[in-house]
Each structure stands twice: as structure tokens, then as C-alpha cells.
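Residue numbers (numbering that gives the first Met the number 0), protein chains in the order written: chain A, 0 to 131; chain B, 0 to 378.
From the three backbone atoms N, C-alpha and C, an ideal C-beta is built for every residue, glycine too.
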Amino acid sequence: MKPLIIEATEDTPMIHFHPQEGRFEISKSSLPENAVEFYSPIIHWLKSYAAAPNPITIFDFNLEYLNTASSKQVFEVIMQINNIAHKSDVTVRWHYDTIDEDMLGLGTRFSHLVNVKFEFIEYDSDDALDFE
Amino acid sequence: MEGNPNNPLIDLAYRLFNRIDDTDFEYIYRGNFSQKISKNLLALAETNVKDSAGRTSLKNKIYFVMVEGLQNVTKHRDKDETDIDGTPDSDGMFAIQKNLGHYYITTGNIVKKNEENTLKPKLEQINIMERDDLTLLRKEILKKGDLSDKGGAGLGFIEMARKSGKKLMFDFEPVNEQASFFYFRTEIPGNDTTEINNSFSDESKSLDDVKHLNEALDHEKILISFNGRFNRENTLSLLSVIKGQMNVSMTSKKVYAVMVELLQNISKHTSDIEGDKKNRGIFMLSKKEDTFVLTAGNLLHAEDVPKMKDRLEFINNLSDKELYKQYDMILLDIGSANERKTGLGFIDMRIKSTTGLNYIFKDINAQNTFFVLQVTIKN
């Protein structure tokens, strides 16, 4: 399956889904006004991947900001990941800044609404490059 | 929580928004000036000038005056850090306005009395000189290489006067015995050279207008006020100014997140407003001690008001637990999101706010209502 690589812009995240490398990552900020438009190809790609996934799939969510339009779409992404879990050993690694209780809270709420393994990984904002 | 009638920020938002007929945009920043902030301010101003200024030479003029002005403010900031420590209100201000086709760039910063005494005669002299004389003076200064340690010699002022072709506007507002607040305002006539007839029509009125504006904003401790068109570029520029200005903290993350929602709400709610007022709105961020207040105002179609009112009232009356439940329900209702509206925005802002959502609806005419939404975040 062809990888899905989308570079980050000022208001859309970096997407790096590469089954051969075993890397599935969404990072940076997501605040487009029209989130449906941005996420629909991603959801489409995941639907295809769900047909023949790797035995193990680890998704890294490393998001700095999400507007509410994106929250809804990121949850749709997680619903697709939920489907992949039928054929693959799936883990969601939800990275969050130590000070960002809202990002942790959002990940926690997402995890309660699906049947996927979630790991919460804290990082220190002092190491963050973007927000100084 | 609707409509605290004594909310001065909401009154101010309405008052500023009402300048809409004459004002194409009005952007004011007040606070600390650093290199980084200057860069972000230039980006924001450039976005708006790009939208509205046709000729390249006009754009270049505006850009030149902005850069010079911002450099004056940052130069003084460096000095003041050691010299006038503890002077109240030692922060600067920067404003760019487009009013009936003409551009106005204003800077404000603290200067010491001795600087005032050097600056004032220089500026007065420039103002009585004709363009040709200014050109000669410029040549002379460049030849002599007579530059002060800060690259001064008034060359910047001479250049601004030449680019503007108008009198430089300035005033020194006493702060205390040692210092004054130095207002410096340049008009750059737009492509349409018809004389304007409004509060900016003569120099003293024009200067007074921006002084009153700055005082009103100071009174409410406003860091940023933007009255203009809310599109993607402006939204991102405003966000980067704020992002560059705040330390990383839980509060700053909440402020940023709420700001995103408010700015995008303005553009969403006004996308179908007719004519010039499409996408128009006002956004203000104020900080009093440890409390941030974000205020956003825009027009709505009058027929959308009852639904919006009900929604806000409903959300304000929910307990924390019920808020999260609503949030999850919207998440699980797959496919309900259309491209513009998820219904999560108000809920998320309510969760992040300290006091609930504050709002007013003010009828303007049969078609339109002015809507203000205000979110308070305490540290």
C-alpha cells in the first residue's frame, strides 16, 4: 500500500502514514476552518489500510493544538483506527505536553469512546520547539 | 449569563465596530516590543495591505513606514529597559488603520524628557520643509555620515516625511517629570486621492482620534484589537502575534485555543452577510492582572439570533459533567459535521472559560444583529 505523506502547514498537521516503515504519525497543529476537507483523504486512506493492515500498528498522535472542528475529525480518524484493530494489534500513543491538561483530557475522552489500546506519553514543554 | 449591560469591553467592541463604514481595517497592538513581535506585526499588517493596496509603490511606502516606526519603538525599548525602569505604562503601541482609502501608521512609546527636547525641534523642522529641501537634507546627512549611536540623525523621520508627502503628526503626552509618551503618526494617501471628510480630516483631529483610541484600549488593558476582515491569513497572523507574546502555560494554551474558536466563528458567522460587511468583525484580547478576556463581535442575520441565543443559554446552564457528555455525543454522532459547523465550539469555550460564556445581541436593523461573545480565562 502506498504511504500517505502530507507536510504540515501553519494550520494543518503533518501526516506520515508509512506501512512499510511501520510509522503512523499525526503531529503539529490542526486548526483549519474546514477540517472535513483536510481529513477526508486521511480517513479514506485508513479505510483502505483496514482491509490488509500490518500485524502490529502503532499510531502516534503528537498534536500541539486542535480546534474543535479538528477534534471531531481526529475522533473520526480514531474510529477508523478502531476498525483496523479487528485485524491488527493496534496501539494509539497519545503524546501531550506536561502542562497541557486539555490535550490529555481530550485523549482520555477519546480512549473511553473506542476499544483501542491507548498509551499516554508526557513530554516536557521545555523541550518543545514551537511554542516559546 | 447574557448581556451584562455594564460590560465596558462589550461597549468598546461595539463602539469600535461602528467605525466600520469609514474603516477598512484597524489593527492596534499594545505591549512589549521585541524583534519577534515586530516581525509578526509586519506580517499581519502586510496581509491587510496586500488585500487592499493596489500599487506596488504604495505597498512599499506603507511597508517602509511600518518598519521605520517599529524600529523606533524597539530602539527605545532597549534603552528604556535600563533607564526608565518602573515607569508606568512603559510599553509601546503600534497601529495601522485604513480609513476611506488612506493609510495611517501610528507608533507610541515612552521617551525621556531630553529625547523629547531633541526630537521635537527635528520633527518641527521637517514639517516646515518642502519635499525638495527634504531630499537635499537627506543627501547632506548621508554625505556627512552624521549618525548617532542608534542610527538616528532623524534620517528615518525625513524618509517617512518624503514617503508620506504629508505633515508628520506627533505629540508628547507627559507621563511624569522625566518622561513622555511619544505619539508619532504618518498618513499615506491611498490610490484614491479625494480629500477625506471625517474624524481624520485634519492633522490634529487625526492624532486626537488615535490618542483617544489608545487611551480607551489602555483603560481596558487591551493587548490587541483587530477590526477588519477575518479570513485565514488574518486569523493566522493574529494567532502568531499572540503565540509569540505568551509564555508557555496551561492558561496561554487555553487562551490560544479559545482565540482560534472565536476568530473562526467570526468568519463562519459572517460569510453570508451582504456586501462590505462580509467577514467583518472585531476581536480584542485584554489582560487585567491574571485574567484574560477575549471579546469577539460581528453581525448576524437577525433570523439566526433566536437559535443562537437558545444554544448559548443551554450550554451555559450545563454542569461540567453534562458539558463533557454533550461533547462526547457530538463526537459520536458521526457524519453530522458539515464543513462549517460541528457544534463543539461553544461547548469547548465554555469548558475552558472561568465564568461561563458572556454574550449580547444588539439589534442593528431589520436584517442584522450585532453579536458579542466574551470568554474569560483566569490564570
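So, does the segment 196–211 of chain B touch the segment 112–131 of chain B, judging by three or more C-beta pairs under 8 Å? Flag = no, the segment 196–211 of chain B and the segment 112–131 of chain B do not touch.
Under a Cβ-count criterion, where at least 16 other Cβ atoms within 10 Å of its own Cβ denotes burial, should TYR64 of chain A be classed as buried or exposed? Only buried fits TYR64 of chain A, as 16 or more other CB atoms lie within 10 angstroms of its CB.
Check whether the segment 297–317 of chain B touches the segment 246–258 of chain B, taking contact to mean three or more Cβ pairs, one atom from each stretch, closer than 8 Å. Note that the segment 297–317 of chain B does not touch the segment 246–258 of chain B; fewer than 3 beta-carbon pairs, one per stretch, sit closer than 8 Å.
Please decide whether GLU32 of chain A counts as near chain B, where near means a Cβ-Cβ distance under 7 Å. By this cut-off, GLU32 of chain A is an interface position.
Enumerate in chain order the residues of its own chain whose CB-to-CB distance from LEU372 of chain B is below 6 Å, with the five nearest sequence positions on each side excluded. Once the five neighbours on either side are set aside, the close Cβ partners of LEU372 of chain B are ALA295 and TYR358.
Strictly under 7 Å for the Cβ-Cβ distance: is GLU20 of chain A near chain B by that measure? So, not an interface residue.
Does the separation of the CB atoms of ILE42 of chain A and GLU9 of chain A fall below 7 Å? No, they are not a contact pair.
Using only alpha-carbon positions, find the residue among A:TRP93, A:PHE37 and A:PRO18 that is nearest to ALA51 of chain A. In terms of CA proximity to ALA51 of chain A, A:PRO18 leads the group A:TRP93, A:PHE37 and A:PRO18.
Against chain E, which members of the segment 102–119 of chain A pass a CB distance test of less than 7 Å? The chain labelled as chain E is not found among the protein chains of the depicted structure, namely A and B.
Spatial distance of LYS112 of chain B from LEU216 of chain B (CA atoms): Approximately 25 Å, taken between the alpha carbons.
Establish whether the CB of GLU9 of chain A and some CB of chain B are separated by less than 7 Å. Interface flag for GLU9 of chain A against chain B is set, since a Cβ pair is found closer than 7 Å.
Going by the DSSP bridge assignment, what does GLU25 of chain B pair with across the sheet? Looking at the DSSP assignment, GLU25 of chain B forms a beta bridge with B:GLN96 and B:ASN226.
Where the beta strand (DSSP E) containing PHE171 of chain B begins and where it ends: First-last of the beta strand (DSSP E) with PHE171 of chain B: 168–173.
For TYR26 of chain B, I'd like the list of residues in its chain whose CB is within less than 6 Å of its CB, leaving aside the five on either flank, ordered along the chain. If we look at TYR26 of chain B and ignore the five residues flanking it on each side, its Cβ neighbours are ILE95 and PHE225.
Following a CB-centred definition, is THR290 of chain B positioned closer than 6 Å to any heavy atom of the ligand SAH? With respect to the ligand SAH, the structure shown offers nothing to examine, as it has no ligands at all.
Counting C-beta neighbours from all protein chains within 10 Å, is the total for ASP362 of chain B 16 or more, i.e. buried, or is it exposed? Under this definition ASP362 of chain B is an exposed residue.
Contact criterion: CB-CB distance below 7 Å. Does ILE98 of chain A meet it with respect to chain B? True, the Cβ-Cβ gap to chain B drops below 7 Å.
Every unbroken beta strand (DSSP E) within the segment 198–260 of chain B, with a cutoff of 3 residues, ordered by chain: For the segment 198–260 of chain B, whole beta strand (DSSP E) runs of length 3 or above, ordered along the chain, are 221–228.
Give me the residue from B:LEU136, B:VAL374, B:THR117 and B:LYS49 with the minimum Cα distance to LYS97 of chain B. Put simply, of B:LEU136, B:VAL374, B:THR117 and B:LYS49 the residue whose alpha carbon is nearest the alpha carbon of LYS97 of chain B is B:LYS49.
Would you decide whether GLU176 of chain B is buried or exposed? Buried here means 16 or more other CB atoms lie within 10 Å of its CB. Under the 10 Å beta carbon count, GLU176 of chain B is surrounded by fewer than 16 other beta carbons and is classified as exposed.
On the DSSP letters alone, give me the boundaries of the beta strand (DSSP E) that GLU121 of chain A sits inside. First-last of the beta strand (DSSP E) with GLU121 of chain A: 116–122.
Any beta carbon of chain A sitting closer than 7 Å to that of LYS252 of chain B? Interface residue, yes.
For HIS268 of chain B, the three-state DSSP class (helix, strand or coil): The DSSP-derived three-state label of HIS268 of chain B is helix.
Using a Cβ-Cβ cut-off of 6 Å (strictly less than) and excluding sequence neighbours within five positions of ASN66 of chain A, which residues of its own chain qualify? Within the same chain, ASN66 of chain A has close Cβ partners LEU30.
Buried or exposed for ASN264 of chain B, please, with buried defined as at least 16 other CB atoms from any protein chain shown within 10 angstroms of its CB. So ASN264 of chain B ends up on the buried side.
Measuring alpha carbon to alpha carbon, tell me which of B:ILE157, B:VAL64, B:GLY274 and B:PHE171 ends up nearest PRO188 of chain B. The candidate whose alpha carbon is nearest that of PRO188 of chain B is B:VAL64.
Would you mind telling me which residues of chain B sit closer than 7 Å to SER70 of chain A, beta carbon to beta carbon, in chain order? LEU343, listed in chain order.
Using a C-beta cutoff of 7 Å, does SER124 of chain A count as contacting chain B? Chain B, which has a Cβ nearer than 7 Å to the Cβ of SER124 of chain A, makes this yes.
Pair within 7 Å by beta-carbon distance, GLY344 of chain B and GLU260 of chain B: Taking the C-beta atoms as reference points, GLU260 of chain B is found nearer than 7 Å to GLY344 of chain B.
What in chain B is Cβ-close to ASN66 of chain A, meaning under 7 Å? The answer, in chain order, is VAL259, GLU260 and GLN263.
Looking only at DSSP bridge pairs, what is VAL48 of chain B linked to? Residue pairing by DSSP places VAL48 of chain B in no beta bridge whatsoever.
Taking the alpha helix (DSSP H) that LYS286 of chain B falls in, what are its first and last residues? Secondary structure note for LYS286 of chain B: it is in no alpha helix (DSSP H), and the uninterrupted beta strand (DSSP E) holding it is 279–287.
Hey, out of A:ARG92, A:LYS46 and A:ILE98, whose CA is closest to VAL247 of chain B's CA? When each option's Cα is compared against that of VAL247 of chain B, the closest is A:ILE98.
Can you find a CB in chain B that lies within less than 7 Å of the CB of PHE37 of chain A? No, no contact with chain B.
Nearest residue (CA-CA) to TRP44 of chain A, options A:ALA84, A:TYR122, A:GLN79 and A:ARG92: Cα-wise, what sits closest to TRP44 of chain A is A:GLN79.
Using three-state DSSP, classify ASN108 of chain B as helix, strand or coil. ASN108 of chain B: strand per DSSP, three-state reduction.
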